[in-house]
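S.K.:
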Amino acid sequence: HGETFDLFYGMYKFNSRAKDYLARMRENLARIEMKLAAKEAYLTARAEFQNNDRQRLISECRELFTDVAVTHHRNDDIVNDDDDNGGDKGDDSV
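Residue numbers (this note's numbering): 6 to 99.
#1: Between Arg79 and Asn85, what straight-line distance do the alpha-carbon atoms span, to the nearest angstrom?
#2: Using only the alpha-carbon positions, how far apart do Val73 and Glu53 sit?
#3: May I have the straight-line CA-CA distance separating Ala43 from Ala50, to the nearest angstrom?
#4: Below 8 Å on the Cβ atoms is my contact criterion, and I expect Ala23 with Met16 to pass it. Report the Cβ-Cβ distance as a whole number of Å.
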């Protein structure tokens, strides 16, 4: 491992453009890090958005099922009231 470092040090010391290469390498790594962070933020936001949409859809379905159940219950009550009244719909003209 020490030999590898010594080789890098030799290239750094005797290459006049080594500092420029290192600076560009740092800039490229920083750019990659920013892209990774942006991708992570995007994926997190997208998952949150999808979860919110899913929760909203579930809530809407619950409301619809509740409305259907209430309407069905009311219709049953109306039918039962008609049966209790002998099916008379209130037409007294007969």
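Using N, Cα and C, we set each Cβ at its ideal position, and we do this for glycine too. Predicted model, so just to flag it, every value in this text is computed and none were measured.
M.R.: On the basis of the coordinates in this document:
#1: Taking the first residue of the sequence shown as 1, we reach residue 79 at position 74. Taking the first residue of the sequence shown as 1, we reach residue 85 at position 80. Spanning the two alpha carbons is a distance of roughly 10 Å.
#2: Indexing the sequence shown from 1 puts residue 73 at position 68. Indexing the sequence shown from 1 puts residue 53 at position 48. Rounded to the nearest angstrom, the two C-alpha atoms are 30 Å apart.
#3: Sequence index remark: in the sequence shown, residue 43 carries index 38 (1-based). Sequence index remark: in the sequence shown, residue 50 carries index 45 (1-based). Those two C-alpha atoms are separated by around 10 Å.
#4: Position 18 of the sequence shown, counted from the first residue, corresponds to residue 23. Position 11 of the sequence shown, counted from the first residue, corresponds to residue 16. Yes, they are in contact, since the Cβ atoms of Ala23 and Met16 sit about 6 Å apart, within 8 Å.
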